[in-house]
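Chains as they are written, first to last, in numbering that gives the first Met the number 0: chain D, 0 to 334; chain P, 0 to 334.
Notes follow once the structure below has been shown.
Protein chains: 2
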Amino acid sequence: MTESRPYERIPRQHAADIATKILGGAGYSQAHVEVMARNMVEAQAQECHSHGLYRLVSCSTVAESGLVNLTATPEVTDRAPGVVAVDAKGGNSLLAFQAGVGQLVEKARASGIAALAVNDCFHYSALWWEVEQLSAQGLVALAMTPTHPYVAPFGGTQPLLGTNPLAFSWPRPDGEPYTFDFATSAVARGEVELRSRQGEALPEEWAIDDAGQPTTDSTKALAGALLPFGRHKGSAISTMVELMAGPLIGDLLSCQTAEPGSSARKGVQHGELVIAIDPGRFGVSLETAERLFEEISDQGARLPSERRRAAKREAAKAGLLVASHLLADLERRAA
Amino acid sequence: MTESRPYERIPRQHAADIATKILGGAGYSQAHVEVMARNMVEAQAQECHSHGLYRLVSCSTVAESGLVNLTATPEVTDRAPGVVAVDAKGGNSLLAFQAGVGQLVEKARASGIAALAVNDCFHYSALWWEVEQLSAQGLVALAMTPTHPYVAPFGGTQPLLGTNPLAFSWPRPDGEPYTFDFATSAVARGEVELRSRQGEALPEEWAIDDAGQPTTDSTKALAGALLPFGRHKGSAISTMVELMAGPLIGDLLSCQTAEPGSSARKGVQHGELVIAIDPGRFGVSLETAERLFEEISDQGARLPSERRRAAKREAAKAGLLVASHLLADLERRAA
Chain D
0 MTESRPYERI PRQHAADIAT KILGGAGYSQ AHVEVMARNM VEAQAQECHS HGLYRLVSCS
60 TVAESGLVNL TATPEVTDRA PGVVAVDAKG GNSLLAFQAG VGQLVEKARA SGIAALAVND
120 CFHYSALWWE VEQLSAQGLV ALAMTPTHPY VAPFGGTQPL LGTNPLAFSW PRPDGEPYTF
180 DFATSAVARG EVELRSRQGE ALPEEWAIDD AGQPTTDSTK ALAGALLPFG RHKGSAISTM
240 VELMAGPLIG DLLSCQTAEP GSSARKGVQH GELVIAIDPG RFGVSLETAE RLFEEISDQG
300 ARLPSERRRA AKREAAKAGL LVASHLLADL ERRAA
Chain P
0 MTESRPYERI PRQHAADIAT KILGGAGYSQ AHVEVMARNM VEAQAQECHS HGLYRLVSCS
60 TVAESGLVNL TATPEVTDRA PGVVAVDAKG GNSLLAFQAG VGQLVEKARA SGIAALAVND
120 CFHYSALWWE VEQLSAQGLV ALAMTPTHPY VAPFGGTQPL LGTNPLAFSW PRPDGEPYTF
180 DFATSAVARG EVELRSRQGE ALPEEWAIDD AGQPTTDSTK ALAGALLPFG RHKGSAISTM
240 VELMAGPLIG DLLSCQTAEP GSSARKGVQH GELVIAIDPG RFGVSLETAE RLFEEISDQG
300 ARLPSERRRA AKREAAKAGL LVASHLLADL ERRAA
């Protein structure tokens with residue numbers, strides 16, 4: 000991120016007002032507007048700029064495209080003692096998650112472990128939002144979702160896998176949970192786009208060109224494919240995300256969300272899988288886990304999400320940090 | 000592996016006889032001998048040399064040390080509708096897994112998702128052995144276990160994490176499952192030991208020295224720590240293995256299995272977590288998954304475990320491939 004982008008701080012309520020107006024104006028139903036606005040404002044507060052108010056732009060664009068069901072009412076099905084499924088009916092994933100999370104928590108507490116499958120959803124949001132709702136209730140949570148075919152499998156030559164994020168959250172007795180949430184690609188596609196615009200090169204092992212050859216040329220990379228993080232091991236984890244949040248739940252692979260000849264509507268929707276575990280049914284020793292976190296910090300290494308926590312604390316005092324050019328654009332749209 | 004090591008092929012029964020004699024001679028009870036021998040012979044047949052008959056040596060050594068309960072009878076506890084726990088009582092993990100896997104399968108079929116926690120076990124074996132028993136019954140399976148502190152967290156300076164393997168198996172309608180199984184360290188510790196003996200350098204990003212600095216010197220790496228695969232993302236996955244197969248199930252972190260001042264007995268045992276999912280309770284479309292595997296193969300990329308499959312087929316025809324020097328040593332021990 001070498002662009003010079005001045006930022007300013009705004010009150011949380013102002014951010015919420017902008018989000019509500021833009022999403023409502025785009026045609027999302029009140030129920031969708033509410034949860035999407037809450038999600039984007041919180042992401043902005045935690046300085047996840049790529050999943051914050053910036054998403055108002057893409058959520059408006061996709062609304063105009065007609066590819067998303069803006070007024071979908073998710074339908075919850077109790078599939079098994081440990082499985083709840085929510086059909087998002089082509090709508091945004093957040094309302095579908097919200098519709099199913101209560102049953103997921105109940106099932107996890109009753110059975111020890113349970114899963115929530117969300118089908119046919121448009122998914123723009125970071126997964127920490129969901130796993131942290133579960134760890135806030137004392138559960139261990141995992142979430143994963145395929146995306147669209149941007150990533151070649153390790154040793155392959157063509158885009159096939161999604162950027163396939165994986166998130167994990169672990170409740171800590173005092174305060175914030177231990178959470179990680181990352182794409183299983185070597186890097187976010189947005190980072191490559193940014194470097195391409197600026198004529199900057201990429202590090203090795205981020206991407207291949209359209210002939211399947213390794214490249215450090217960011218523009219050639221966009222015509223080719225990203226690579227998974229961590230070579231064959233990261234590639235394997237990415238396939239696990241594809242399989243568990245795709246075929247396992249009767250939903251699509253990343254490569255099926257954008258394949259030639261598929262219906263337009265299948266262009267943006269796919270599935271998501273969330274697993275919740277109740278430590279109380281396992282014999283947990285939470286103090287033992289604290290030792291791991293302490294040792295990592297003592298070595299001077301960062302715990303994942305530390306940057307988000309610091310941003311959140313600062314936002315609570317000083318307001319939400321927003322890029323000025325984005326804010327100007329959003330205020331115009333909201334007016 | 001640059002050593003010249005001539006190999007020969009032996010009948011499966013000869014391998015089983017050697018394993019049975021050595022393990023029985025070392026004092027393992029009949030129940031342990033049976034499952035351990037079966038496991039090592041199959042690993043040898045699949046040319047997992049590091050988890051095959053070679054382990055007869057370390058399982059004998061650890062038996063002599065008195066650190067493992069050689070005659071432990073695992074105790075199974077039904078903890079919740081979706082959770083079965085097995086106390087290995089300081090014995091080998093395989094018999095404990097075997098004692099609990101039936102209930103795990105029943106619970107997964109009844110609830111859709113279930114977990115098996117194995118506590119206080121000595122664990123030498125590859126995890127594919129376990130997850131493939133579940134995928135053979137049509138279940139999707141995940142397994143993970145901490146080990147001992149050989150790996151520094153990303154950004155850290157000291158060994159803390161285990162090599163923390165993670166395995167996943169997915170049933171395929173025709174034939175062998177899709178399975179991956181790997182350490183979350185950049186490389187196996189054995190590979191670094193081998194290179195150190197041979198005075199060979201390591202690639203970048205495999206290890207740090209005892210001052211916490213990156214090193215390509217294999218001997219300095221042994222005095223320092225391995226690094227996780229895939230930088231901060233692999234490190235995060237390694238912590239997930241620590242937490243889920245450690246504190247979640249009331250068992251140890253890798254760093255607690257070898258800490259100064261702990262009782263000697265805690266030097267080799269830790270926990271393991273296995274999760275099984277019944278696709279039938281989710282709405283699975285197995286054909287969709289096949290498309291993923293076909294696309295990977297069509298790109299010329301290898302599916303994980305392909306080498307094992309080929310070795311297995313060859314072993315069925317021609318016998319098990321064993322390093323001649325190892326075979327000679329084992330035949331001496333068995334005599």
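Beta carbons: idealized from backbone N, C-alpha and C, even for Gly.
This structure is a prediction, so every number in the text was calculated from the model and none was measured.
Does the beta-carbon distance from D:Gly90 to D:Leu69 come in below 9 angstroms? On the first sequence, residue 90 of chain D is found 91 positions in, with the first residue counted as 1. On the first sequence, residue 69 of chain D is found 70 positions in, with the first residue counted as 1. Taking 9 angstroms as the Cβ cut-off, D:Gly90 and D:Leu69 qualify as a contacting pair.
Can you check which of these residues, P:Glu46, P:Ala36, P:His269, is closest to P:Arg306 by C-alpha distance? Mapped onto the second sequence, residue 306 of chain P falls at position 307. P:Arg306 has its Cα closest to that of P:Glu46, out of P:Glu46, P:Ala36, P:His269.
What is the DSSP secondary structure of D:Trp127, counted as helix, strand or coil? On the first sequence, residue 127 of chain D is found 128 positions in, with the first residue counted as 1. D:Trp127 falls in the helix class under three-state DSSP.
Using 8 angstroms for Cβ pairs, my map puts D:Thr146 next to D:Ser304. What's the rounded Cβ distance? Taking the first residue of the first sequence as 1, we reach residue 146 of chain D at position 147. Taking the first residue of the first sequence as 1, we reach residue 304 of chain D at position 305. The pair is not a contact, with the Cβ atoms about 21 angstroms apart (cut-off 8 angstroms).
Outcome for D:Ser64 when other beta-carbon atoms lying within 10 angstroms are tallied against a minimum of 16: For the purposes of this step, residue 64 of chain D is taken as the residue at position 65 of the first sequence. Looking at its Cβ environment, which holds fewer than 16 other Cβ atoms inside 10 Å, D:Ser64 is exposed.
Between D:Lys337 and chain P, is there a C-beta pair that is closer than 9 angstroms? No information on residue 337 of chain D is available, as it lies outside the stretch 0 to 334 that chain D covers here.
Buried/exposed call for P:Ala235, threshold 16 Cβ in 10 Å: In the second sequence, the residue the question calls residue 235 of chain P occupies position 236. P:Ala235 comes out buried.
Which residue's Cα is closest to the Cα of D:Glu54: D:Phe179, D:Gly174, D:Pro176, D:Phe121? The sequence position of residue 54 of chain D within the first sequence is 55, counting from 1. Reading off the sequence shown, one finds Arg at residue 54 of chain D, where the question assumed Glu. The residue with the shortest Cα to Cα distance from D:Arg54 is D:Phe121.
Between P:Ala151 and P:Ile207, which are expected to be in contact by the criterion C-beta below 8 angstroms, what is the C-beta distance as a whole number of angstroms? Taking the first residue of the second sequence as 1, we reach residue 151 of chain P at position 152. Taking the first residue of the second sequence as 1, we reach residue 207 of chain P at position 208. Going by Cβ atoms, the distance from P:Ala151 to P:Ile207 rounds to 6 angstroms, so yes, they are a contact pair.
Give me the Cα-Cα distance between D:Ala109 and P:Ile17, rounded to the nearest whole angstrom. Here residue 109 of chain D corresponds to residue number 110 of the first sequence, with the count starting at 1. Here residue 17 of chain P corresponds to residue number 18 of the second sequence, with the count starting at 1. About 47 angstroms.
Does any residue of chain D have a CB that is nearer than 9 angstroms to the CB of P:Met143? As a position in the second sequence, residue 143 of chain P is number 144, starting the count at 1. No, its Cβ sits nowhere closer than 9 angstroms to a Cβ of chain D.
9 angstroms Cβ cutoff, D:Cys47 in contact with chain P: The count along the first sequence starts at 1 and reaches residue 47 of chain D at position 48. Closer than 9 angstroms: no.
Quick one: residues in its chain with C-beta nearer than 8 angstroms to the C-beta of P:Ala220, no 5 flanking neighbours on either side, listed in chain order? Numbered from 1 along the second sequence, position 221 holds the residue referred to as residue 220 of chain P. The residues are Val191, Ser195, Leu201, Trp205, Ala206, Ile207, Asp208, Thr214.
P:Val191: first and last residue of the uninterrupted alpha helix (DSSP H) it sits in: Working through the second sequence from its first residue, we reach residue 191 of chain P at position 192. Counting along the chain, the alpha helix (DSSP H) containing P:Val191 begins and ends at 188-196.
What span of residues does the alpha helix (DSSP H) with D:Val56 cover, start to end? Working through the first sequence from its first residue, we reach residue 56 of chain D at position 57. That run of the alpha helix (DSSP H) goes 54-64.
Along chain P, in chain order, which residues have C-beta atoms closer than 7 angstroms to that of D:Phe228? As a working mapping, residue 228 of chain D is identified with position 229 in the first sequence. Here the neighbours are Gly229, Lys232.
Counting only beta-carbon separations shorter than 9 angstroms, does P:Phe153 have a partner in chain D? Start at 1 with the first residue of the second sequence, and residue 153 of chain P comes out as number 154. Interface residue, yes.
Quick check on the burial criterion: 16 or more other C-beta atoms within 10 angstroms. Buried or exposed for D:Gly198? The residue given as residue 198 of chain D occupies position 199 in the first sequence. Classification of D:Gly198: exposed, given that the 10 Å Cβ count is below 16.
D:Ala113 to P:Glu129, Cα distance in whole Å? Along the first sequence, one-based indexing puts residue 113 of chain D at 114. Along the second sequence, one-based indexing puts residue 129 of chain P at 130. Distance between the alpha carbons of D:Ala113 and P:Glu129 is about 21 angstroms.
Pair within 9 angstroms by beta-carbon distance, D:Ala87 and D:Leu94: Within the first sequence, residue 87 of chain D is the residue found at index 88, counting from 1. Within the first sequence, residue 94 of chain D is the residue found at index 95, counting from 1. Here D:Ala87 is near D:Leu94, since their CB atoms are less than 9 angstroms apart.
Around the C-beta of D:Glu105, are 16 or more other C-beta atoms found within 10 angstroms, so that it is buried, or is it exposed? The count along the first sequence starts at 1 and reaches residue 105 of chain D at position 106. With fewer than 16 other Cβ atoms within 10 Å, it is exposed.
Under 9 angstroms, do P:Asp173 and P:Trp127 count as touching if we go by C-beta distance? On the second sequence, position 174 is the one that residue 173 of chain P refers to. On the second sequence, position 128 is the one that residue 127 of chain P refers to. No, the Cβ-Cβ distance between P:Asp173 and P:Trp127 is not below 9 angstroms.
What does P:Ser184 pair with, by DSSP beta-bridge criteria? Taking the first residue of the second sequence as 1, we reach residue 184 of chain P at position 185. In the DSSP output, where bridge partners are listed per residue, P:Ser184 has P:Pro227.
Alpha-carbon spacing of P:Gly26 relative to P:Glu33, whole angstroms: The residue given as residue 26 of chain P occupies position 27 in the second sequence. The residue given as residue 33 of chain P occupies position 34 in the second sequence. C-alpha of P:Gly26 to C-alpha of P:Glu33: approximately 13 angstroms in a straight line.
Considering P:Ile9, what are the terminal residues of the beta strand (DSSP E) in which it resides? Residue mapping note: residue 9 of chain P aligns to position 10 of the second sequence, counting from 1. Per DSSP, the continuous beta strand (DSSP E) segment holding P:Ile9 begins and ends at 6-9.
If we count Cβ pairs, one from each stretch, closer than 8 angstroms, do we get three or more for the stretch 305-325 of chain D versus the stretch 158-177 of chain P? The stretch 305-325 of chain D vs the stretch 158-177 of chain P: no contact.
Contacts of P:Ser168 in chain D (Cβ-Cβ under 9 angstroms): Numbered from its first residue, the second sequence carries residue 168 of chain P at position 169. Under the 9 angstroms cutoff, chain D gives no residues; its nearest Cβ is about 10 angstroms from P:Ser168.
Taking the alpha-carbon of P:Pro73 as reference, which of P:Val100, P:Ala42, P:Gln12 has the nearest alpha-carbon? Here residue 73 of chain P is taken as the residue at index 74 of the second sequence, counted from 1. For P:Pro73, the nearest C-alpha among the options comes from P:Val100.
Identify, in the order they occur along the chain, each residue of the same chain with its Cβ nearer than 6 angstroms to the Cβ of D:Ile274, setting aside the five sequence neighbours on each side. Here the question's residue 274 of chain D lines up with position 275 in the first sequence. Its chain contains Ala114, Leu141 as the residues whose beta carbon lies nearer than 6 angstroms to that of D:Ile274, once the 5 sequence neighbours on both sides are disregarded; these appear in chain order.
Cβ neighbour criterion (16 or more within 10 Å) applied to P:Asp250: Position 251 of the second sequence holds residue 250 of chain P. Buried: at least 16 other Cβ atoms inside 10 Å.
For D:Ser296, does the three-state DSSP call read helix, strand or coil? Translated into the one-based positions of the first sequence, residue 296 of chain D becomes position 297. DSSP places D:Ser296 in helix when its eight states are reduced to three.
For P:Ala98 and D:Thr256, the rounded distance between their alpha carbons: Within the first sequence, numbered from 1, the residue matching residue 256 of chain D stands at position 257. Within the second sequence, numbered from 1, the residue matching residue 98 of chain P stands at position 99. Roughly 42 angstroms separates the two Cα atoms.
Exposure of D:Ala135, with buried meaning 16 or more beta-carbon neighbours within 10 Å: Within the first sequence, the letter at position 136 stands for residue 135 of chain D. Flag for D:Ala135 reads exposed.
Looking only at its own chain, which residues have a Cβ that is under 8 angstroms from the Cβ of D:Gly189, when we skip the five neighbours before and after it? Reading the first sequence from its first residue, position 190 is the one you call residue 189 of chain D. Within the same chain, D:Gly189 has close Cβ partners Ser49.
Who are D:Leu320's beta bridge partners in DSSP? Residue numbering aside, residue 320 of chain D sits at position 321 when the first sequence is read from its first letter. DSSP, once it has assigned bridges, lists D:Arg8 as partnering D:Leu320.
Per-residue contacts from D:Gln79 into chain P (C-beta, under 7 angstroms): Along the first sequence, read from residue 1 onward, the residue named residue 79 of chain D stands at position 80. Correcting the residue identity first, residue 79 of chain D is Ala in this sequence and not Gln. Listed along chain P, the residues sitting closer than 7 angstroms to D:Ala79 by beta-carbon distance are Ser110, Gly111, Arg280.
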